[in-house]
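Okay, so here's the structure we're looking at.
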Amino acid sequence: MIDSAKLQQTLKQHFGYTKFKTGQESVIRSVLAGQDTFAILPTGSGKSLCYQLPGYLVSGQVVVISPLLSLIQDQVAQLQYLGEKRVLALTSALDPLTRRQSLAHFADYKFIFLSPEMANQRRIQRLLKQASVALLVIDEAHCISQWGIDFRPDYLLLSSLREAIQPATTLAMTATATQRVQADILAKLGLDPTKTRQIIHSVDRRNIYLASEALADETEKKQRLIELCCQLKRPGIIYFSSRQKAEEIAALLQQQVTTQVAFYHGDLTSQDRFAIQQQFMQGKLAIICATSAFGMGIDKADVRFVIHYHLPGSLESYLQEIGRAGRDGQQSIAILLYTQQDFQLQANLQINGLPDATLIKRYFAHPGQFAAAQVPAIELLKFYRQQQQSVTTVLKLFDQRRHEKLLALRTMLAFLQNPGCKRQFILTYFADSKVVSHDETCCDASQPPNLARLGLQQMTHPQSHTVYATWQKRLAAILGNTPLL
Amino acid sequence: MADYFYLLILFDQQQWRRPLALKALLKGRRTVSNLYAGLDYGLLSLYQLLPHLPAEKFEQALRQLVEAGLIAQQGRQARLTVAGQKAKVAANKQLFLPQHYAGLKFQNSREFIARLFLVTQASSELKKHNRHYFPLAVAWSTQQAVKNWLRQQNAQTLVSQLHQEWYLLFATLPQWQADYYSQFLLGHQVQPASTQQADHWFAWSSLTGELVRQDTVHWFLQQVTAAPEQFPLLTSLWQPLATGPLGTSAAQTMTLCQQGLSLTEISRQRRIKQNTLKEHLLEAAILLPDFPFDHYLTASTRRQLTTIFADQPLATWKFSQLAATDLSFFDYRLFQIQKRKAHD
Chain V
11 MIDSAKLQQT LKQHFGYTKF KTGQESVIRS VLAGQDTFAI LPTGSGKSLC YQLPGYLVSG
71 QVVVISPLLS LIQDQVAQLQ YLGEKRVLAL TSALDPLTRR QSLAHFADYK FIFLSPEMAN
131 QRRIQRLLKQ ASVALLVIDE AHCISQWGID FRPDYLLLSS LREAIQPATT LAMTATATQR
191 VQADILAKLG LDPTKTRQII HSVDRRNIYL ASEALADETE KKQRLIELCC QLKRPGIIYF
251 SSRQKAEEIA ALLQQQVTTQ VAFYHGDLTS QDRFAIQQQF MQGKLAIICA TSAFGMGIDK
311 ADVRFVIHYH LPGSLESYLQ EIGRAGRDGQ QSIAILLYTQ QDFQLQANLQ INGLPDATLI
371 KRYFAHPGQF AAAQVPAIEL LKFYRQQQQS VTTVLKLFDQ RRHEKLLALR TMLAFLQNPG
431 CKRQFILTYF ADSKVVSHDE TCCDASQPPN LARLGLQQMT HPQSHTVYAT WQKRLAAILG
491 NTPLL
Chain Y
881 MADYFYLLIL FDQQQWRRPL ALKALLKGRR TVSNLYAGLD YGLLSLYQLL PHLPAEKFEQ
941 ALRQLVEAGL IAQQGRQARL TVAGQKAKVA ANKQLFLPQH YAGLKFQNSR EFIARLFLVT
1001 QASSELKKHN RHYFPLAVAW STQQAVKNWL RQQNAQTLVS QLHQEWYLLF ATLPQWQADY
1061 YSQFLLGHQV QPASTQQADH WFAWSSLTGE LVRQDTVHWF LQQVTAAPEQ FPLLTSLWQP
1121 LATGPLGTSA AQTMTLCQQG LSLTEISRQR RIKQNTLKEH LLEAAILLPD FPFDHYLTAS
1181 TRRQLTTIFA DQPLATWKFS QLAATDLSFF DYRLFQIQKR KAHD
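Chains as they are written, first to last, in my numbering: chain V, 11 to 495; chain Y, 881 to 1224.
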């Protein structure tokens, strides 16, 4: 067993911390003892450290399967920030030359990040088999599950991947998994529940006040958003399900609230995304209008509010997104604004991405006709056909998916209509045994939030006039000796 | 003036031009047909000006100009109407137009600037002895190139020399342009602006912003390549990217040709079809100032072509006119390129 002094020393030396956050140490110890581990830790609990730190104490490689390109990029950036150079992100964003070069030096990397789709490529599997994988990490493991909301079919092959590469230890982690999803994750990974150490912490984030407000229409919603942005302590994040809306509202807030607002979504170039993230991290931006592309890897401690302008597609997404608030443990607030129309909008968004029965039948009858189509729906069908699934199975599967997505949305609706404690509703949904002691700092079940009492009200904000610096000043700040004020 | 007026700049009142070829040229689609169109329209320098131009935006702008009676369409070609010509003159005065952009001469300018920004950030952090920072999000190969480059530099003088070279470059620009461009620089505790933010501050459309940025980088490269002794760091950063106007494969073919290898030999050695090699030669014929036309067009071929197309305007030539001869499309196109260049 590893001694505490060694753990502490590694924590200090590589990460600059003196203390572990809740759950981190037990997960790390379990992994270092060579125990397959399944961990549920709340959002903002520093899950990445649970595989980063063991990376410095084991001799083989750490392979991390992660669902999102942006998440992979953020995690790689974090490790690079910590001074780690042996990091490889195998993503579709790699140009062919880079890909060739990095695969040629595969064995030299300590941390390898990749999507399940990439991990299932034959060439990559071969390399993984030859490598000595000390730790296989499945990040955001709820994505594995058929019952998980972000389900991707390549996750189905992870069990055979595990078998092929024979990692010394496997670690699956998530912040949001119902009991059914938990069981499914273990099954999909081929992990024996009796031999896998399960470390399950409450998903509750007590310092985030939970509120929702029903509004009559879009105009009223905008008005309310402006009011909230004027009153609330900043910084904050506002989530949208449409890129266009995020841009439109950012412009509105810029005119009416503060100039320190920017939008962020997947259509921005990587340089622009970088610029916005850095400004937000450094406190130069007060409010970000974003789609869900923002934040998975953002570790800004002092986010005081998360507002949802559109309905999240599921309680899982909601919990993930509000989890970006209050990572410093200070009081924060999550406010969901919605109108009656939002349910239909979200239902359409959820369903439109899935292939319908006509398309499925046409595809299976004439797959060649779709060879050039690069739309997600066809990609999905292609995958199932390659896995030799019959048209009947696939029809049934997608029918089920549609049903599940609507069910997830209905859970969201139930959450909003629930007259009782919102926190208790969430914990019950995730089969979390913690019992909530509801009071005025918990949620708006009995009365609307009192921002002043929560310490979240700030009626006057420092005036912000965006005056850009001249080139002489910027250059002097960057390469000379005059800091930029 | 709305962004779609930019499109007028690409058209002419006399010459019928193919919108599809123009779009492909702007996006940097390197085919002989697109490059020839660029040569023929006198717009080759705009190659790759807007690689991310959404096709639908281009088409929408074209529709708007046609509906406004500024552009006339005929089949797959279009040209300016009288009103269109007037609007073009006005657009020329009101819009920001690239003055220095040379898409083929500096075809790797985007990679250059990505490297330069990362170098600047790394140097700034180095000056402050800070090792913990988020490096600018660039391709892995760019990171590697920058790492290797930095290793070769003198750490004692790097920061001050880089400072001086940036200063020289900015000082050659009007204040507004240098101010705008400097918003994207980053370093220790200095974050870059996003393009949306900077465009907003300067009240520009995203298209104008993009054109200003491209024009600025190409202006920088002109300065650097014209006076390398003043810019030793930037010169060494640019040098590996200064590949000339040809694509990589065409450049390899030309090198082998210059070594005296025949197309058959090159085809065998490079495992490339002869037709592809001929495309490379045509690309070189369009883009190189000193292409040896005589080497590939025999005197008799030239005589035949001259006779057939005698006194016929270039724009009306058709390959089908050669149906009765055994002349190839390669001969035809090469001769056409030579004539077109001579005409300039």
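Every residue, glycine too, gets a C-beta built ideally from N, C-alpha and C.
By alpha-carbon distance to Y:N1028, the top candidate from Y:G949, Y:L1117, Y:L977, Y:Q965 is Y:L1117. Pairing V:D449 with V:Y165, the inter-Cα distance amounts to about 41 angstroms. Annotation for V:Y373: F380, L391 place their beta carbon closer than 6 angstroms to its own, counting only its chain and skipping 5 residues before and after.
A Cβ of chain Y is located within less than 7 angstroms of the beta carbon of V:A87. Using a Cβ-Cβ cut-off of 7 angstroms, V:Y91 counts as an interface residue toward chain Y, since at least one Cβ of chain Y sits closer than that to its own. Within the same chain, Cβ atoms closer than 6 angstroms to the Cβ of V:S222 are found at L346, L426, the five residues on either side in sequence being excluded. In the structure shown, the three-state DSSP call for Y:T1133 is helix.
Looking from the CA of Y:A1035, the closest CA among Y:A1058, Y:S1004, Y:F1014, Y:Q1024 belongs to Y:S1004. Two segments are said to touch when three or more pairs of C-beta atoms, one from each, lie closer than 8 angstroms; by this definition the region 264-283 of chain V does not touch the region 323-331 of chain V.
Each of V:A424, V:T368, V:Q288 was checked against the Cα of V:F353, and the nearest Cα belongs to V:A424. Contact between V:G339 and V:A185 is ruled out by a C-beta separation of about 16 angstroms, above the 8 angstroms threshold. Comparing alpha carbon positions, the residue from V:V41, V:Q23, V:Y394 closest to V:R207 is V:V41.
With contacts defined by Cβ atoms closer than 7 angstroms, Y:G983 and Y:Y927 form a contacting pair.
Residues of the region 1074-1106 of chain Y that bring their beta carbon within less than 9 angstroms of a beta carbon in chain V comprise S1074, T1075, Q1076, Q1077, A1078, H1080, W1081, F1082, in sequence order. The contact set of Y:F1050 on chain V, defined by CB atoms closer than 9 angstroms, consists of W481, Q482, L485 in chain order. When C-beta distances to chain Y are compared with 8 angstroms, every residue of the region 167-182 of chain V stays at or above that value. Secondary structure of V:T349 (DSSP, three-state): coil. When Cβ pairs closer than 8 angstroms are counted between the two stretches, the region 350-364 of chain V is seen not to touch the region 130-139 of chain V, the count staying below three. Counting only runs that start and end inside the region 1030-1101 of chain Y, the alpha helix (DSSP H) elements of at least 4 residues fall at 1038-1051, 1055-1062, 1075-1081. A residue is called buried once 16 or more other Cβ atoms fall within 10 Å of its Cβ, and V:G44, having fewer, is exposed. Here the alpha carbon of V:L295 sits roughly 21 angstroms from the alpha carbon of V:Y91. The Cβ-Cβ distance between Y:L929 and Y:L960 does not fall below 7 angstroms. Y:A1131 is outside the set of residues whose beta carbon lies under 7 angstroms from a beta carbon in chain V.
The beta carbons of V:L238 and V:K231 sit no closer together than 7 angstroms. Residues of chain V whose Cβ lies closer than 9 angstroms to the Cβ of Y:Q1063 are, in chain order, Y478, A479, W481, R484. Taking V:G246 as reference, the option from V:I210, V:S155, V:D312, V:Q189 with the minimal CA-CA separation is V:D312. The C-beta of Y:F885 comes no closer than 7 angstroms to any C-beta of chain V. Between V:L145 and V:T179, the CB-CB gap stays under 7 angstroms. Nearest Cα to Y:Q1057 within the set Y:V1092, Y:S1074, Y:Q1071: Y:V1092.
Residues of chain V whose Cβ lies closer than 8 angstroms to the Cβ of Y:K1007 are, in chain order, L489. A residue is called buried when at least 16 other Cβ atoms come within 10 angstroms of its Cβ; Y:G964 meets this threshold and is buried. Selection Y:F1171, Y:T1205, Y:L1167, Y:A1165 evaluated against Y:R1183 yields Y:T1205 as nearest (Cα-Cα). Under the three-state reduction of DSSP output, V:Y219 falls in the strand class.
Here V:P459 is buried. Its C-beta has 16 or more other C-beta atoms within 10 Å.
Contact between Y:L1177 and Y:F1215 is confirmed by a C-beta separation of about 6 angstroms, below the 8 angstroms threshold.
With fewer than three CB-CB distances shorter than 8 angstroms, the region 1016-1025 of chain Y does not count as touching the region 434-453 of chain V.
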